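S.K.: In the working numbering, the protein residues as written are 97 to 478.
We treat Cβ as the ideally placed atom computed from N, Cα and C, and that holds for glycine.
Note that the coordinates shown come from a computational prediction; the quantities given were computed from them, not determined experimentally.
Right, I'll just put the structure down here and ask away after.
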């Protein structure tokens, strides 16, 4: 959880021993080396275990940037960084990128109990201070992980492997929660076809709300009751599956107000977004089926697996070091660290001890027979 400098200082304070920072980094990489092997050993759930878990199986995928050393950046990002003119100013211009980050693909898998809700209930939950917060189902056996080294396609394939392990016969309802990244959608559909499962892709409602608010501020002053009312009304229509109606209405409103092309740009952007992804905005059907409609699990994973540790001030990561830290944090957040550490110690014993014997077999030690002393070997010395 802390920086390597803090760890080295803690060891020095508590034990008096000095551990070089480079050695601490190497120990972390060694500690995480059995991450993939640990999850490969997990067996598929039995029919009894499948019945004990809830009927909705959720897969979530997202991306989060990690500041890297230049040698660890992807080729395109490194070229863009090298092409930037050198400047002494630490401030960047609006829209200018530093090109110092590499995207980590974050995935999550869990099961959850269906929770049927109405559009009115969703709107009340999104109010600034709802009077009553209803108890909601919690994700079960949540597992999250992230990778910088693996491409998104491999991470998504791992997510489907985890889902198949939980539901080998595909008897549950499979739901994928995503934001507005069409590349992820294509990979999810390809993986679903490869595994032969029916996948319902749901676009994160909170992501859609960001576009609605920007459109509202183009039509009404920001922070006014009129803007809030405008968003609330359109949100209710979206939750009833009327995305085309909402898109057409906001465009008509911008035209009737005589907004310039620049002024109405957020409105057109929101309308285009709703029309482009209308196939993933059937919130009326999602709510009736009890599906989740917000990516809270994966957004939280991006924060406490990646951001809280990888984006500390001044940090620049190597690829191997960052991957190791992400794996260890993923194990801890998923509640698998203790089991992993036992598995890791077993693998270390094999690597450092068992494998040095012929065929990896440690010879059995024969018990030595007990000898009774007769005293014949003793001499009397005067």
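So what does residue 318 bridge to, in DSSP terms?
M.R.: The sequence position of residue 318 within the chain shown is 222, counting from 1. Residue 318 pairs with nothing; no bridge assigned.
S.K.: Counting along the chain, where does the alpha helix (DSSP H) carrying residue 279 start and finish?
M.R.: Here residue 279 corresponds to residue number 183 of the chain shown, with the count starting at 1. From DSSP, the alpha helix (DSSP H) with residue 279 extends over 278 to 291.
S.K.: Between residue 433 and the rest of its own chain, which residues show a CB-CB distance below 7 Å, the 5 nearest in sequence each way excluded?
M.R.: Counted from its first residue, the chain shown places residue 433 at position 337. Taken in chain order, the residues that qualify are 427.
S.K.: What distance in whole Å lies between the Cβ atoms of residue 345 and residue 380, which are believed to be in contact at a cut-off of 8 Å?
M.R.: Counting from one through the chain shown, the residue named residue 380 turns up at place 284. Counting from one through the chain shown, the residue named residue 345 turns up at place 249. Contact doesn't hold; Cβ gap of about 17 Å is too wide.
S.K.: I'd like the span of the alpha helix (DSSP H) that includes residue 366, first residue to last.
M.R.: To locate residue 366, count along the chain shown from 1; it is residue 270. 361 to 372 is the span of the alpha helix (DSSP H), which, as asked, contains residue 366.
S.K.: My assumption, with CB atoms under 8 Å, is that residue 263 sits in contact with residue 391. Please give the rounded CB distance.
M.R.: Residue mapping note: residue 263 aligns to position 167 of the chain shown, counting from 1. Residue mapping note: residue 391 aligns to position 295 of the chain shown, counting from 1. With 8 Å as the limit, residue 263 and residue 391 do not qualify as a contact, their Cβ atoms being about 21 Å apart.
S.K.: What are the boundary residues of the alpha helix (DSSP H) that includes residue 197?
M.R.: The residue given as residue 197 occupies position 101 in the chain shown. First-last for residue 197: 197 to 208, but that is the beta strand (DSSP E), not the alpha helix (DSSP H).
S.K.: Would you call the stretch 258 to 273 and the stretch 151 to 164 touching, i.e. three or more CB-CB distances under 8 Å?
M.R.: The answer is yes - the stretch 151 to 164 touches the stretch 258 to 273, with three or more Cβ pairs under 8 Å.
S.K.: Excluding the five sequence neighbours on either side, which residues of its own chain have a C-beta within less than 7 Å of the C-beta of residue 249, listed in chain order?
M.R.: Mapped onto the chain shown, residue 249 falls at position 153. Only 283 meet the Cβ criterion.
S.K.: Per DSSP, which residues does residue 239 bridge with? Please list them.
M.R.: Counted from its first residue, the chain shown places residue 239 at position 143. DSSP, once it has assigned bridges, lists 205 as partnering residue 239.
S.K.: Decide if the stretch 371 to 389 is in contact with the stretch 327 to 341; the criterion is three or more beta carbon pairs, one per stretch, under 8 Å apart.
M.R.: These segments touch.
S.K.: For the stretch 239 to 246 against the stretch 116 to 127, do three or more pairs of beta-carbon atoms, one drawn from each stretch, fall closer than 8 Å, so that the two count as touching?
M.R.: At 8 Å Cβ cutoff, the stretches do not touch.
S.K.: Under 8 Å: do the stretch 386 to 401 and the stretch 353 to 370 share three or more Cβ pairs, one atom per stretch?
M.R.: Result no; under three Cβ-Cβ pairs closer than 8 Å.
S.K.: Spell out a yes or no on whether the stretch 159 to 167 and the stretch 401 to 420 are touching, meaning 3 or more CB-CB pairs, one atom from each, closer than 8 Å.
M.R.: They touch, by the three-pair rule.
S.K.: Contact between the stretch 435 to 445 and the stretch 127 to 136 is defined here as three or more beta-carbon pairs at a separation below 8 Å; is this criterion met?
M.R.: Verdict: yes, contact present.
S.K.: Per DSSP, what are the beta-bridge partners of residue 413 in this structure?
M.R.: For the purposes of this step, residue 413 is identified with residue 317 of the chain shown, where counting begins at 1. Beta-bridge pairing links residue 413 to 164.
S.K.: What separation, rounded to the nearest whole angstrom, lies between the Cα atoms of residue 116 and residue 109?
M.R.: By 1-based counting over the chain shown, the position of residue 116 is 20. By 1-based counting over the chain shown, the position of residue 109 is 13. Approximately 14 Å, taken between the alpha carbons.
S.K.: Counting only the same chain and skipping the five closest in sequence on each side, list residues whose C-beta sits under 6 Å from that of residue 423.
M.R.: On the chain shown, position 327 is the one that residue 423 refers to. Correct list, in chain order: 128 and 131.
S.K.: For residue 99, I'd like the list of residues in its chain whose CB is within less than 7 Å of its CB, leaving aside the five on either flank, ordered along the chain.
M.R.: Numbered from its first residue, the chain shown carries residue 99 at position 3. Hits under 7 Å: 408.
S.K.: Cα-Cα, which of 331, 406, 385 and 351 is closest to residue 370?
M.R.: For the purposes of this step, residue 370 is taken as the residue at position 274 of the chain shown. Ranking 331, 406, 385 and 351 by Cα distance to residue 370 puts 331 first.
S.K.: Just checking my contact of residue 208 with residue 388 at CB under 8 Å: how many whole Å lie between their CB atoms?
M.R.: Reading the chain shown from its first residue, position 112 is the one you call residue 208. Reading the chain shown from its first residue, position 292 is the one you call residue 388. At roughly 6 Å, the Cβ-Cβ gap stays under 8 Å, so residue 208 and residue 388 are in contact.
S.K.: With a threshold of 7 Å on Cβ separation, who are the neighbours of residue 118 within its own chain once the five nearest residues in sequence on each side are excluded?
M.R.: Residue 118 sits at position 22 when you count from the first residue of the chain shown. Nothing meets the Cβ criterion.
S.K.: Check whether the Cβ atoms of residue 170 and residue 412 sit closer than 8 Å, and answer yes or no.
M.R.: Stepping through the chain shown from its first residue, residue 170 is reached at position 74. Stepping through the chain shown from its first residue, residue 412 is reached at position 316. No, these two residues do not count as a Cβ contact at 8 Å.
S.K.: Looking at the secondary structure, which residues open and close the beta strand (DSSP E) in which residue 297 lies?
M.R.: Counting from one through the chain shown, the residue named residue 297 turns up at place 201. 295 to 299 is the extent of the beta strand (DSSP E) around residue 297.
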